[in-house]
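S.K.: One structure, pasted below without further comment.
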Amino acid sequence: MVAGTASDAGKSVVTAGICRFLVRQGVRVAPFKGQNMSLNSFVTRDGAEIGRAQAVQAQAARVEPSALMNPVLLKPGGDRSSQVVLLGRPVGEMSARGYHGDGGFQGELVDVVADCLEQLARSYDAVVCEGAGSPAEINLRRTDIVNLGLAHRVKLPALLVGDIDRGGVFAAFFGTTALLPPEQQALLAGYVVNKFRGDVTLLEPGLEMLRGLTGRPTLGVLPYARGLVIDEEDGLHVREHAAGEPYGRETLRVAVVPLPLMSNFTDLDALAAEPGVEVRFTDRPSEVAAADLVVLPGTRGTVRALEWLRARGLAAAVERRAAAGRPVLGICGGFQILAERIEDDVESKAGTVRGLGLLPARIRFAAAKTLARPAGRAYGEPVEGYEIHHGVAELGSGGEPFLDGLRVGAVWGTHWHGSLESDGFRRAFLREVAGVAGRAFEPAPDTDFAALREAQLDRLADLVAEHLDTAALLRLIEDGAPAGLPFVPPGAP
Numbered sequence: 083m084v085a086g087t088a089s090d091a092g093k094s095v096v097t098a099g100i101c102r103f104l105v106r107q108g109v110r111v112a113p114f115k116g117q118n119m120s121l122n123s124f125v126t127r128d129g130a131e132i133g134r135a136q137a138v139q140a141q142a143a144r145v146e147p148s149a150l151m152n153p154v155l156l157k158p159g160g161d162r163s164s165q166v167v168l169l170g171r172p173v174g175e176m177s178a179r180g181y182h183g184d185g186g187f188q189g190e191l192v193d194v195v196a197d198c199l200e201q202l203a204r205s206y207d208a209v210v211c212e213g214a215g216s217p218a219e220i221n222l223r224r225t226d227i228v229n230l231g232l233a234h235r236v237k238l239p240a241l242l243v244g245d246i247d248r249g250g251v252f253a254a255f256f257g258t259t260a261l262l263p264p265e266q267q268a269l270l271a272g273y274v275v276n277k278f279r280g281d282v283t284l285l286e287p288g289l290e291m292l293r294g295l296t297g298r299p300t301l302g303v304l305p306y307a308r309g310l311v312i313d314e315e316d317g318l319h320v321r322e323h324a325a326g327e328p329y330g331r332e333t334l335r336v337a338v339v340p341l342p343l344m345s346n347f348t349d350l351d352a353l354a355a356e357p358g359v360e361v362r363f364t365d366r367p368s369e370v371a372a373a374d375l376v377v378l379p380g381t382r383g384t385v386r387a388l389e390w391l392r393a394r395g396l397a398a399a400v401e402r403r404a405a406a407g408r409p410v411l412g413i414c415g416g417f418q419i420l421a422e423r424i425e426d427d428v429e430s431k432a433g434t435v436r437g438l439g440l441l442p443a444r445i446r447f448a449a450a451k452t453l454a455r456p457a458g459r460a461y462g463e464p465v466e467g468y469e470i471h472h473g474v475a476e477l478g479s480g481g482e483p484f485l486d487g488l489r490v491g492a493v494w495g496t497h498w499h500g501s502l503e504s505d506g507f508r509r510a511f512l513r514e515v516a517g518v519a520g521r522a523f524e525p526a527p528d529t530d531f532a533a534l535r536e537a538q539l540d541r542l543a544d545l546v547a548e549h550l551d552t553a554a555l556l557r558l559i560e561d562g563a564p565a566g567l568p569f570v571p572p573g574a575p
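Under my numbering, the residues of the sequence shown are numbered 83 to 575, in order.
Below is the structure:
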């Protein structure tokens, strides 16, 4: 198990790196995360929805993603409720108390999660399990199905990853270990420092002191890796630009509006990978007006996002762009916002709401969720994607077909996520956007997004091979949970 001192400490990336390292050693390996909370998800070939991070970890392991790898996915719909996806299918919307509290649904899932892990263990040489948040969430310990509670149930050795770039990594390691109960402390084999900058010899005295305090070694110090882009749970990869910062002159300017409950914004990674394309997230109407292409991405709250756009003057900025014949792309929830009308008695329960009216479509939210892996052609190029939505589009007349959606003038809308990863289609689309925007831009003819992602995973495995104690890692996989490691004494200095 790869646990972390906090959310975004690097668990997803380290898990992916270990998976790719192991498969390069000839080990048949699978990733696993018992419970994931994320709005970035993916659809397997058999129509199951799982966390996007586990799909990328499966790619790192060179295996097909499956619902076994992420049996429970929580998709927040606000501060206090989430949709619960169990074994790839939604089973309902639940409050945090209804899920985590006494007698909550989470307590019923322990056997389901353990069974999925057991099935993977029977099919592979090794399984690398990612934890969630911190294993020291003592208020949630009783019903833990993803961190060291699960590890204790099935006797998994665990690594603890800490992000030194945030500061306080020694306190995070010590405090996390001290808050674990003895039976979970006994599983903790060592620490991994993530995102270190500088001379590692200056860190070594602290690592020795940490070992003296906890009885556990540090099994590696991973350097801060610039330009490493691996899909995680909710981290934005393309940089958010500072307010008022000018665009470069030799770029195709793409502005992405960060909608509330934004989902599957990994759609934009393929655009950002194109030389000469600059992707920026912005909520400023002036920058929406200035960009060559504006993207409304997916969202788990279409009606809420629409209200947010109107309140900030962003809806009016998008409408002015469309009236002037300037490019706008809506993906999934963003497509729904562009429609004439939204009938939602499922997600927001707002009833009938007026959309922006830029595409002749009506959206009706259905109780059943559409989960699909469509494929087709556009601009004469093959294109693949995946669909995750409750909204069903009724397409009217007056538009051209576009990836099971519509195009009117310079406004495109589709429910397909991931379509921009199809290289030929992406280049053709950007070529048309540049033409409409009056830009002398020609996409690079050889950008291969799949190859770029593979290269990133291999780079990550190289970091694991160079900077982790891989011999100790392999021993943990072969021998199982450590035994006899000393506990942190109560009240230790």
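Quick reminder that beta carbons are idealized off the backbone N, C-alpha and C, glycines included.
Below 8 Å between beta carbons: does that hold for L396 and V435?
M.R.: For the purposes of this step, residue 396 is taken as the residue at position 314 of the sequence shown. For the purposes of this step, residue 435 is taken as the residue at position 353 of the sequence shown. No, the pair does not count as a contact, with Cβ atoms beyond the cut-off.
S.K.: Jot down the residue ranges of each uninterrupted beta strand (DSSP E) in the region 397 to 479, minimum 3 residues, whole runs only, in chain order.
M.R.: 410 to 413, 423 to 426, 433 to 436, 443 to 454, 457 to 460, 463 to 466 and 469 to 477
S.K.: Taking 7 Å as the limit between beta carbons, can you name the residues of its chain near V493, skipping five residues before and five after?
M.R.: What you label residue 493 is simply residue 411 of the sequence shown in a count that begins at 1. Cβ neighbours of V493 beyond the five flanking positions: A404, V410, L420, L440 and L441.
S.K.: Excluding the 5 residues preceding and the 5 following L169 in the sequence, name in chain order all residues of the same chain whose CB lies nearer than 6 Å to its CB.
M.R.: Residue numbering aside, residue 169 sits at position 87 when the sequence shown is read from its first letter. For L169, where only same-chain residues beyond five positions count, the Cβ hits under 6 Å are A149 and P153.
S.K.: Opposite N118 in the DSSP bridges: which residues?
M.R.: On the sequence shown, position 36 is the one that residue 118 refers to. Looking at the DSSP assignment, N118 forms a beta bridge with L155.
S.K.: Could you work out which residue in A457, F255, R423 and G467 is closest to F447 when comparing CA atoms only?
M.R.: Taking the sequence shown and counting its residues from 1, one reaches residue 447 at position 365. Of A457, F255, R423 and G467, the residue nearest in Cα terms is R423.
S.K.: Where does the unbroken alpha helix (DSSP H) through D197 begin, and where does it stop?
M.R.: By 1-based counting over the sequence shown, the position of residue 197 is 115. Residue range V192 to S205 is occupied by the alpha helix (DSSP H) that includes D197.
S.K.: Are the beta-carbon atoms of Y306 and D247 separated by less than 8 Å?
M.R.: For the purposes of this step, residue 306 is taken as residue 224 along the sequence shown, with counting starting at 1. For the purposes of this step, residue 247 is taken as residue 165 along the sequence shown, with counting starting at 1. For Y306 and D247, yes; Cβs fall inside 8 Å.
S.K.: Going by DSSP, what residue range makes up the beta strand (DSSP E) through T496?
M.R.: The count along the sequence shown starts at 1 and reaches residue 496 at position 414. Taken as a continuous stretch (DSSP letters only), the beta strand (DSSP E) holding T496 covers V493 to T496.
S.K.: Nearest-angstrom Cα distance between R444 and V474?
M.R.: Translated into positions along the sequence shown, residue 444 becomes position 362. Translated into positions along the sequence shown, residue 474 becomes position 392. Rounded to whole angstroms, R444 to V474 spans 8 Å at the Cα level.
S.K.: Once you ignore the five residues that flank A240 on each side, which residues in its own chain have a CB closer than 7 Å to its CB?
M.R.: As a first step, residue 240 is located in the sequence shown; it is residue number 158 there, counting from the start. Only M83, A85, L230, A233, L269, L270 and A271 meet the Cβ criterion.
S.K.: Is it buried or exposed for I38, if we count other Cβ within 10 angstroms and need 16 for buried?
M.R.: Outside the shown range of the chain, which is 83 to 575, sits residue 38, and nothing can be said about it.
S.K.: By DSSP, does D530 sit in helix, in strand, or in coil?
M.R.: Residue mapping note: residue 530 aligns to position 448 of the sequence shown, counting from 1. Correct three-state label for D530: coil.
S.K.: Could you give the uninterrupted runs of the alpha helix (DSSP H) lying entirely in the region 156 to 180, keeping only those of 4 residues or more?
M.R.: No alpha helix (DSSP H) of 4 residues or more sits fully in the region 156 to 180.
S.K.: Within 10 angstroms of the Cβ of I413, are there 16 or more other Cβ atoms? Answer buried if so, exposed if not.
M.R.: Your numbering for residue 413 matches position 331 in the sequence shown. I413 is buried by the Cβ-count criterion.
S.K.: Is it the case that the Cβ atoms of R541 and E524 are separated by a distance below 8 Å?
M.R.: If you number the sequence shown from 1, residue 541 lands on position 459. If you number the sequence shown from 1, residue 524 lands on position 442. Cβ distance not < 8 Å, so R541 and E524 don't count as in contact.
S.K.: Under a Cβ-count criterion, where at least 16 other Cβ atoms within 10 Å of its own Cβ denotes burial, should D530 be classed as buried or exposed?
M.R.: The residue labelled residue 530 in the question sits at position 448 within the sequence shown. Looking at its Cβ environment, which holds fewer than 16 other Cβ atoms inside 10 Å, D530 is exposed.
S.K.: Could you name the residues that DSSP lists as bridge partners for N276?
M.R.: Counting from one through the sequence shown, the residue named residue 276 turns up at place 194. DSSP lists D245 as partners of N276.
S.K.: Where does S94 sit, in a helix, a strand or coil, going by DSSP?
M.R.: Locating residue 94 in the sequence shown gives position 12, where the first residue counts as 1. In the structure shown, the three-state DSSP call for S94 is helix.
S.K.: Which residues in the same chain as G415 place their Cβ atom closer than 6 Å to its Cβ, once the five residues preceding and following it in sequence are excluded?
M.R.: Mapped onto the sequence shown, residue 415 falls at position 333. Answer for G415: G380, T381 and T384, listed in chain order.
S.K.: Rounded to the nearest angstrom, how far is the Cβ of R134 from that of F124, given a contact under 8 Å?
M.R.: Residue 134 sits at position 52 when you count from the first residue of the sequence shown. Residue 124 sits at position 42 when you count from the first residue of the sequence shown. That belief holds up - the Cβ atoms of R134 and F124 are roughly 5 Å apart, short of 8 Å.
S.K.: Would you please verify whether the beta carbon of E514 is less than 8 Å from any beta carbon of chain C?
M.R.: The chain labelled as chain C is not found in the depicted structure, where only one protein chain is given.
S.K.: Where does R224 sit, in a helix, a strand or coil, going by DSSP?
M.R.: Residue mapping note: residue 224 aligns to position 142 of the sequence shown, counting from 1. Correct three-state label for R224: helix.
S.K.: Would the beta-carbon of A553 fall within 8 Å of that of F103?
M.R.: The residue labelled residue 553 in the question sits at position 471 within the sequence shown. The residue labelled residue 103 in the question sits at position 21 within the sequence shown. No; because the gap between Cβ atoms is not below 8 Å, this pair is not in contact.
S.K.: Just the Cα atoms here: how many angstroms apart are N221 and R508?
M.R.: The residue given as residue 221 occupies position 139 in the sequence shown. The residue given as residue 508 occupies position 426 in the sequence shown. Straight-line Cα distance between these residues: approximately 46 Å.
S.K.: Could you tell me the alpha carbon to alpha carbon distance between Q117 and E560, rounded to whole angstroms?
M.R.: Sequence index remark: in the sequence shown, residue 117 carries index 35 (1-based). Sequence index remark: in the sequence shown, residue 560 carries index 478 (1-based). Their backbone Cα atoms lie some 25 Å apart in a straight line.
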